[in-house]
Structure formats: structure tokens, C-alpha cells
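By the count of full-length UniProt numbering, the sequence shown reaches residue 158 at its end, each step adding exactly one. Every residue, glycine too, gets a C-beta built ideally from N, C-alpha and C.
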Amino acid sequence: MEGRVGVKIDEDEGSHADLRHHAADEKRHETAYTKIVEKLFELDPDTAVVAFAYMMRKNIVMPAHLMFDDRDDGLFDQFSAVAQRLGVYSAGDYADIIEFLVGRWRVASLVGLSDEGKKAQDFVCKLAPRYERLEERARRMDKQRPAVRFSWIFDREV
1 MEGRVGVKID EDEGSHADLR HHAADEKRHE TAYTKIVEKL FELDPDTAVV AFAYMMRKNI
61 VMPAHLMFDD RDDGLFDQFS AVAQRLGVYS AGDYADIIEF LVGRWRVASL VGLSDEGKKA
121 QDFVCKLAPR YERLEERARR MDKQRPAVRF SWIFDREV
């Protein structure tokens, strides 16, 4: 079977079961967090939107940013650039997630907010378009980036 980026995927049923299990776990996490924050927006929209903006200003760091192979200090940055270039996970995906959450929690239609809440609302509502512009810029830069070798795939260029 060939994957989305043209890499052979082992058709071992155990691998498929592991991937299905992992995907189901991720979906459960998404559902739980989305519903919890949705309830927070119902109970205290002002504090919720301020907290949402705070989180987004601090940037969400992926656990993989700590990856290290004993050779490359910039491993995560290179890994991220390759993932962006291959379309595995990009700034466009991030924009889609933000747009989904802003819509799901009806952030744009919140009323009765404090001044701080209004500023947070404005900031959060403008994030998805900002990430879409980052995606466009990254796509232009992808053409200039050289291939990278990763130790865990036998120094194969990607």
C-alpha cells in the first residue's frame, strides 16, 4: 500500500490496529477537550476567550520538539520543515483547527465581553487567516529548502 507521501506502508494488520487505536485515542482527546472548553465558554465566556487567546499567544508546543538523535541539534525544526513540505502537518492544518474551534465555540459572536475579552476575541478570530498566510509563505520557502537526512531512516534524504 502506498501512503499519501509516496512511502510504502507495511500492510501488517498489527500496524493497522495500532494506528486505528492511536487515531481513536486522538479523536477522544479532541472530543473531550472541545466539549470541556465549550462548557467553559457557556459558563464564563469572558474568561474563556481571554484564556484561549493566552494559550494561542504562548504557542502550543508539540512534545516532539524534544526529539534528539544524538547528532542533530536542530532535528525538530528539520522534521517540521519536512512535514510541512510533504503536507503531513502544516500551518494550513493549524489554521483549519483554529477556524474549527473559533466556530465551534462561537467566539466571533460573543457579546458582553470586558475590554480584555474583546481584545482576546479579536486576536483569536484573526489567527486562522494569519496561519493561512504563514502556510503560503512556507510553501514558497519549501522550494528553496534542501533535502534533509534523518538518522532513523538510515540517513535517507527526505
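Taking 7 Å as the limit between beta carbons, can you name the residues of its chain near residue i, skipping five residues before and five after?
i       : result
Phe-68  : Leu-75
Glu-135 : Ser-90, Ala-91, Gly-92, Ala-95
Asp-105 : Position check: residue 105 holds Trp in this sequence, whereas Asp was assumed. Correct list, in chain order: Val-37, Glu-38, Phe-41.
Arg-130 : none
Asp-46  : Leu-113, Ser-114, Gly-117
Val-50  : Glu-116, Gly-117, Ala-120
At which residues does the alpha helix (DSSP H) containing residue i begin and terminate?
i       : result
Phe-76  : 75-86
Asp-96  : 91-104
Pro-129 : 127-142
Consult DSSP for residue i and reduce its assignment to one of helix, strand or coil.
i       : result
Phe-52  : helix
Phe-150 : strand
Arg-145 : coil
Arg-156 : strand
Asp-46  : helix
Gly-117 : helix
Val-124 : helix
Asp-70  : coil
What does a CB cutoff of less than 8 Å around residue i pick up in its chain, not counting 5 residues either side in sequence?
i       : result
Arg-145 : Ala-81, Arg-85
Val-158 : Val-82, Leu-86, Ala-147, Val-148, Arg-149, Phe-150
Return the residue from the list the options that minimises the CA-CA distance to residue i.
i       : options                          : result
Arg-156 : Ala-53, Leu-127, Phe-79, Val-107 : Phe-79
Ala-128 : Val-111, Pro-45, Leu-101, Asp-25 : Leu-101
Asp-77  : Arg-71, Asp-70, Met-141, His-65  : His-65
Lys-126 : Ser-114, Val-111, Arg-57         : Arg-57
Can you name, in chain order, every residue of its own chain whose Cβ lies under 6 Å from the Cβ of residue i, other than the five neighbours on each side?
i      : result
Phe-52 : Val-124
Glu-99 : Ala-128
For residue i and chain C, any beta-carbon pair shorter than 8 Å?
i       : result
Met-141 : Protein chains in the displayed structure number just one, and chain C is not present.
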